[in-house]
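Heads up, the sequence shown is in the working numbering, so the first residue is 6 and it goes up one at a time.
Even for Gly, the Cβ is constructed at its ideal location relative to N, Cα and C.
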Amino acid sequence: MNCNHCLTSGFADGHYVLPPLPYAPEALEPVLDAPTVLLHHDKHHAAYVAGANAAAETLRRVAAGDLAAEAAPAAAQLLAFNLGGHILHSLYWESLSPAPGGTPGGALADALNHSFGSYAGFETTFRAITLAVQGSGWGVLGVDPVSRRLCVLGVCRHQDVLLPGFAPLIACDVWEHAYYLRYHNNRAGYIDTFLKHIDWKKAEKRLTHICHDDE
């Protein structure tokens, strides 16, 4: 995933690091309660950061000859899972706004209209795909690297069903730990609330970065 522009604080001094929340834990009330946000960020997201570092260290030791080559495949799979979780969680926090986000403007609004026919068409598509993710996963809006159109992916786990070169703009976490304390098993209600609180200004900045990177 081409998401460098949303992970400026996710790596430092040779290690993956947990970025701070871009708002106070209670700032997302009533969308998400502070206990859910703190548990999600400080425990779940932090665990993916730790897992990515452990997997990367195993691969480094294999390359240095300190571990047998047979350790590399499992470590590579663990790196994909944990680093995918780190990337998508970092994007998730940046996707949410404490205040209702309204609708996007500018180039992002044009891109949504071009790709989905209208903003309502985007919402219908995003809601349906994200709701239908089987078990745990994500709904992600991003740029298709071939057509340059926007598309929505229902991502299984953190790394499955992703297009090579896909550049995400927003991500909605539908692992149950993201919403269960507040919404219980009402995933649809959580997704509807998420759609009302997307930080479209940050998403438009990500789109601008992607377009500039391609020039």
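Identified DSSP bridge partners for residue i
i: residue 16; result: 21
i: residue 160; result: 143
i: residue 155; result: 148
Span of the beta strand (DSSP E), counted from its first residue to its last, around residue i
i: residue 173; result: 172-178
Reduced DSSP category for residue i - H, G, I as helix; E, B as strand; rest coil
i: residue 165; result: strand
i: residue 37; result: coil
i: residue 144; result: strand
i: residue 221; result: Since the displayed the chain opens at 6 and closes at 220, residue 221 lies outside it and no answer follows.
i: residue 107; result: coil
i: residue 26; result: coil
i: residue 47; result: helix
i: residue 7; result: Because residue 7 carries a pLDDT of 47, less than 50, the predicted location of this residue cannot be relied on, and the following value inherits that uncertainty. Of the three classes helix, strand and coil, the one that applies to residue 7 here is coil, per DSSP.
i: residue 211; result: helix
i: residue 91; result: helix
Buried versus exposed, by CB contacts within 10 Å (16 or more), residue i
i: residue 48; result: exposed
i: residue 6; result: Per-residue confidence for residue 6 stands at a pLDDT of 47, beneath the threshold of 50, marking its modelled position as unreliable; the derived number appears in the next sentence. Per the 10 Å Cβ criterion, buried.
i: residue 20; result: exposed
i: residue 115; result: exposed
i: residue 165; result: exposed
i: residue 31; result: exposed
i: residue 140; result: exposed
i: residue 122; result: exposed
i: residue 170; result: exposed
i: residue 71; result: exposed
i: residue 109; result: buried
i: residue 135; result: buried
i: residue 40; result: exposed
i: residue 201; result: exposed
i: residue 14; result: exposed
i: residue 191; result: exposed
i: residue 145; result: buried
Where the alpha helix (DSSP H) through residue i begins and ends
i: residue 119; result: 111-121
i: residue 181; result: Note, residue 181: premise wrong, no alpha helix (DSSP H); not H, not E.
i: residue 72; result: Note, residue 72: premise wrong, no alpha helix (DSSP H); not H, not E.
i: residue 137; result: Element bounds for residue 137: n/a, residue is neither H nor E.
i: residue 193; result: 192-201
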